[in-house]
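*Asks:* Numbering (this note's numbering), first residue to last: 48 to 611.
Before we start, here is the structure in question, set down as structure tokens.
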Amino acid sequence: MSAEKNTDDASAKPLDFIREIVAQDLKSGKHDGRVQTRFPPEPNGYLHIGHAKSICLNFGIAKEFGGRCNLRFDDTNPTKEETEYVDSIKEDVRWLGFEWDEEHYASDYFEQLYEWAEALIQKGLAYVDSGSLDEIRAQRGTVNEPGTPSPYRERSVEENLDLFRRMRAGEFPNGAHVLRAKIDMAAGNMNLRDPIMYRILHTPHHRTADKWCIYPIYDWAHGQSDSIEKITHSICTLEFEIHRPLYEWYIEHLDIFPSKQYEFARLNLTYMVMSKRKLLELVQAKLVEGWDDPRMPTIAGIRRRGYTPESLRKFCHTIGVTKYPGTTDISVLENSLRDDLNRRAERRMAVLDPVKVVITNYPEGASEELEAVNHPQDESFGTRTIPFGREIYIEREDFMEDPPKKFFRLSPGKEVRMRYAYFIKCEDVIKNEQGEVTEIHCTYDPETKGGNAPDGRKVKATLHWVPVAEAVDAEVRLYDHLFEVENPNDVPEGGDFKDHLNPNSLQVIKHAKLEPLLSSAQEGDRFQFERMGYFCCDRTSTAERPVFNRAVTLRDTWAKAKKQ
RNA sequence: AGCCCGGUGGUGUAACGGUAGCACAACGGAUUUUGAUUCCGUCAGUUUGGGUUCAAAUCCCGGCCGGGCUACCA
């Protein structure tokens, strides 16, 4: 079943500061008008919505300016990286709607990087340091005090070369030596205090297996990888800003293609954590179902939740790109989904918390098929029929025996409309011993079939319903924010971000009642359950027992009014 | 603390020396067979103090506030 229509739109907007730079470079003829970007994830976790921002930026720029964008895995640390992550990253990028021009791995450049390292040694710009981790750390100084030179800093080119080659050959254990760039131990920028280029790591790599036992550090690998791929605009997040002088130092002293680095503010969302480390922690502690738990900000989670790629791209477009490290309200994200799904999702009826209504003047054993439109604003979605009979379910919260003034749903003596069906009037309420309503007895007006009264009388409310006889029993999962405070990272002394986890972030409804057509829903199908929200068919769903995730609620001014 | 970066309504952004605009949120109203959608309206902002200028959100200097940096992670 096709539950959606494509409504991707890219409205024009003023250029952000990075696109402005690209436009200027293009205008000035830099790089012969070539634009080359790259998205460089480390395969040590799943991509999250912050990465989506970067993906939209990098791939978006390439697309808009007639350039190219590579996917490059920054896989220089074999202790953390796995093929599982490589696969998920590729899947997520594609799902978001982008295709890379070339696929690369920093590990493909290990040999070139090694040669360049020897070249730097030859120039006297790199040396092997045989100090311990602690010694090197101590020598680095602090932000206030300059560092002190390592006793190994003045080794001869020959000795450095010999040691470095033996490092590669595997003659030394982990930590015995490192290769360092010889820059400036007194630099105000700590990154320039003889940064480490290589460490010894006797760990097999997910791609190069046991070919290497020395691995390059990020700074030594990233800029050169950019340069090798002739990246014109190397876009990264703000925390790398302070690395830029080093990025440029390596490129300058190697005299290779001058890629330029530009930094933007990473995405922060209210009620969410975005660090890979913290997300990994949630997964490993089993505080969520996994990387694709629909409450997670991972692309896999967001996808399972029911977000569309279009809504995510629209969101990234909406939030813009700046250097101001602000926090975006989660409602902006939710709104971009509502906006998209409102136009694309077919409407269905589903009762989440059912209570039975018996229509006492409807003939016993009778039933009929009623026609319903699939989208109230778009006829092209067509219509469907829903069986109607003497017994139907309505939402428990749509009935109140003793309602307040502003409540205009069903209550004793009141008449409301059953959507696409009839006006019904509440005549009696049946309760059990605990005083819970078990049945509501109503009468219907046969003249109001389809939902309009020939005499022109009006009702204040229209309720959704599902026929008891044909209802499909289903599991429905309602999600709320994973954290109960706006900024879960803000924890008191000795506290932990996990202390802010929302205990009610998942509510499982075991026996929701769906209209019959919904039994044929496939994984990923999205619908609006009228008056309840947007729902997406989960991957655990079966024809016998459908499972739906609530992607986002509808805007609900009544719920808001109730609170006051 | 030192260095680097940043600061425009509640939030995210635009204005590139010349009318502070947009979106989300909030609030009010109209329409409505979803208390949805749609439409209309309201509230609300240049961190602060100096300087340059006919004119400053924009340029300069100082303060204040926020973020980043002190990994053999990326």
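All residues carry an ideal CB built from backbone N, CA and C; glycine is no exception.
#1: Thinking C-alpha only, which one of H511, A500 and D340 is nearest D400?
#2: Taking 8 Å as the cut-off, does the segment 356 to 368 touch the segment 150 to 163 (at least 3 CB pairs, one atom from each stretch)?
#3: In this structure, does DSSP put P563 in helix, strand or coil?
#4: Report yes if the C-beta distance between T279 and D121 is below 9 Å; otherwise report no.
#5: Can you give me the start and stop residues for the beta strand (DSSP E) that G337 sits inside?
#6: Identify whether D449 lies in helix, strand or coil by the three-state DSSP scheme.
#7: Do A518 and V594 have their C-beta atoms within less than 9 Å of each other?
#8: Restricting to Cα atoms, I'd like to know which of A99, I275 and L417 is closest to H364.
#9: Going by DSSP in three states, V204 sits in which element: helix, strand or coil?
#10: Here's the rule: buried if 16 or more other CB atoms are within 10 angstroms of the residue's CB, otherwise exposed. What is W338?
#11: Can the beta-carbon of K403 be found closer than 9 Å to that of I471?
#12: Alpha carbon to alpha carbon, what distance is there between S306 and R291?
#13: Determine whether the beta carbon atoms of L553 and Y526 lie at a separation below 9 Å.
#14: What did DSSP end up calling E162 once you bin it into helix, strand or coil?
#15: Indicate, with yes or no, if the ligand NAD has a heavy atom lying under 8 Å from the CB of A598.
#16: Please state the DSSP three-state secondary structure of D63.
#17: Rounded to whole angstroms, what is the Cα-Cα separation between D181 and I289?
#18: Distance check for K453 and A608, CA to CA, integer angstroms please.
#19: Please classify K170 as buried or exposed, where buried requires at least 16 neighbouring CB atoms within 10 angstroms.
#20: From the DSSP output, read off the bridge partner residues of L553.
#21: Based on Cα-Cα distance, which residue from F145, P193 and G107 lies nearest to R240?
#22: DSSP state of V133, grouped into three classes?
#23: Thinking L334 and K545 are a contact (beta carbons under 8 Å), I'd like their distance in whole angstroms, please.
#24: Opposite N117 in the DSSP bridges: which residues?
#25: Span of the beta strand (DSSP E) holding T604?
#26: Determine which residues share a DSSP beta bridge with R573 and list them.
#27: Suppose the cutoff is 7 Å on Cβ atoms and the five residues either side in sequence are ignored; what does the same chain contact list for L62 look like?
#28: I need the DSSP call for P263, collapsed to helix, strand or coil.
#29: Under the rule that 16 or more other beta-carbon atoms within 10 Å means buried, what is A516, buried or exposed?
#30: For H151, which residues does DSSP report across the bridge?
#31: Give the straight-line distance between the Cα atoms of T600 and M579, rounded to the nearest whole angstrom.
#32: In this structure, does DSSP put A223 in helix, strand or coil?
#33: Please report the residue range of the beta strand (DSSP E) in which H253 lies.
#34: Would you please state the rounded distance, in angstroms, between the beta carbons of Y440 and K560? I believe it to be under 8 Å.
#35: In this structure, does DSSP put Q481 in helix, strand or coil?
#36: Helix or strand or just coil, what does DSSP make of V476?
*Replies:* Taking the coordinates as given:
#1: Position 353 of the first sequence, counting from 1, holds the residue named residue 400. The shortest C-alpha separation from D400 is found at H511.
#2: No, because fewer than three Cβ pairs between the segment 150 to 163 and the segment 356 to 368 fall closer than 8 Å, the two stretches do not touch.
#3: Taking the first sequence and counting its residues from 1, one reaches residue 563 at position 516. In the structure shown, P563 sits in a helix (DSSP, three-state: H, G or I).
#4: Residue 279 sits at position 232 when you count from the first residue of the first sequence. Residue 121 sits at position 74 when you count from the first residue of the first sequence. Not in contact: T279 and D121 (Cβ atoms no closer than 9 Å).
#5: Here residue 337 corresponds to residue number 290 of the first sequence, with the count starting at 1. Note, G337: premise wrong, no beta strand (DSSP E); not H, not E.
#6: Working through the first sequence from its first residue, we reach residue 449 at position 402. It is coil, neither helix nor strand.
#7: Position 471 of the first sequence, counted from the start, is the residue given in the question as residue 518. Position 547 of the first sequence, counted from the start, is the residue given in the question as residue 594. Not a contact, by the Cβ cut-off of 9 Å.
#8: Sequence index remark: in the first sequence, residue 364 carries index 317 (1-based). For H364, the closest of A99, I275 and L417 by C-alpha to C-alpha distance is A99.
#9: Stepping through the first sequence from its first residue, residue 204 is reached at position 157. Reduced to three states, the DSSP call for V204 is helix.
#10: Residue mapping note: residue 338 aligns to position 291 of the first sequence, counting from 1. Within 10 angstroms of the beta-carbon of W338 lie 16 or more other beta-carbons, which makes it buried.
#11: In the first sequence, the residue the question calls residue 403 occupies position 356. In the first sequence, the residue the question calls residue 471 occupies position 424. Not in contact: K403 and I471 (Cβ atoms no closer than 9 Å).
#12: Residue mapping note: residue 291 aligns to position 244 of the first sequence, counting from 1. Residue mapping note: residue 306 aligns to position 259 of the first sequence, counting from 1. Near 11 Å, if we compare the C-alpha coordinates of S306 and R291.
#13: The residue given as residue 553 occupies position 506 in the first sequence. The residue given as residue 526 occupies position 479 in the first sequence. A contact, by the Cβ cut-off of 9 Å.
#14: For the purposes of this step, residue 162 is taken as the residue at position 115 of the first sequence. Helix at E162.
#15: Only the bare structure without any ligand can be found here, which leaves the ligand NAD out of the picture.
#16: Locating residue 63 in the first sequence gives position 16, counting from the first residue. Note: D63 maps to coil in three-state DSSP.
#17: Position 134 of the first sequence, counting from 1, holds the residue named residue 181. Position 242 of the first sequence, counting from 1, holds the residue named residue 289. For D181 and I289, the distance between alpha carbons rounds to 23 Å.
#18: As a working note, residue 608 is residue 561 in the first sequence. As a working note, residue 453 is residue 406 in the first sequence. Distance between the alpha carbons of A608 and K453 is about 9 Å.
#19: Within the first sequence, the letter at position 123 stands for residue 170. Exposed, because fewer than 16 other Cβ atoms sit within 10 Å of the Cβ of K170.
#20: In the first sequence, the residue the question calls residue 553 occupies position 506. Y526, per the DSSP bridge assignment.
#21: Your numbering for residue 240 matches position 193 in the first sequence. Comparing Cα positions, the closest option is P193.
#22: By 1-based counting over the first sequence, the position of residue 133 is 86. In the three-state reduction of the DSSP assignment, V133 falls in the helix class, which pools H, G and I.
#23: The residue given as residue 334 occupies position 287 in the first sequence. The residue given as residue 545 occupies position 498 in the first sequence. For L334 against K545, the beta-carbon gap comes to about 7 Å, under 8 Å, which counts as contact.
#24: Taking the first sequence and counting its residues from 1, one reaches residue 117 at position 70. Partner(s): R85.
#25: Counting from 1 along the first sequence, the entry for residue 604 is found at position 557. If you look at T604, you'll find it isn't in any beta strand (DSSP E); it sits in the alpha helix (DSSP H) that goes T604 to K610.
#26: The residue given as residue 573 occupies position 526 in the first sequence. In the DSSP output, where bridge partners are listed per residue, R573 has C583.
#27: Residue mapping note: residue 62 aligns to position 15 of the first sequence, counting from 1. Same-chain partners within the cutoff: A70.
#28: In the first sequence, residue 263 corresponds to position 216, counting from 1. Three-state result, P263: strand.
#29: Residue 516 sits at position 469 when you count from the first residue of the first sequence. When all chains shown are included, A516 counts as exposed.
#30: Start at 1 with the first residue of the first sequence, and residue 151 comes out as number 104. R119, per the DSSP bridge assignment.
#31: Indexing the first sequence from 1 puts residue 600 at position 553. Indexing the first sequence from 1 puts residue 579 at position 532. The straight-line gap from Cα to Cα measures roughly 6 Å.
#32: The count along the first sequence starts at 1 and reaches residue 223 at position 176. A223: coil per DSSP, three-state reduction.
#33: On the first sequence, residue 253 is found 206 positions in, with the first residue counted as 1. Where H253 is concerned, there is no enclosing beta strand (DSSP E), given that its DSSP letter is neither H nor E.
#34: Stepping through the first sequence from its first residue, residue 440 is reached at position 393. Stepping through the first sequence from its first residue, residue 560 is reached at position 513. Contact annotation, Y440 with K560: C-beta distance approximately 5 Å; criterion of less than 8 Å satisfied.
#35: Here the question's residue 481 lines up with position 434 in the first sequence. In the displayed model, Q481 falls within coil according to three-state DSSP, outside both helix and strand.
#36: The residue labelled residue 476 in the question sits at position 429 within the first sequence. Three-state result, V476: strand.
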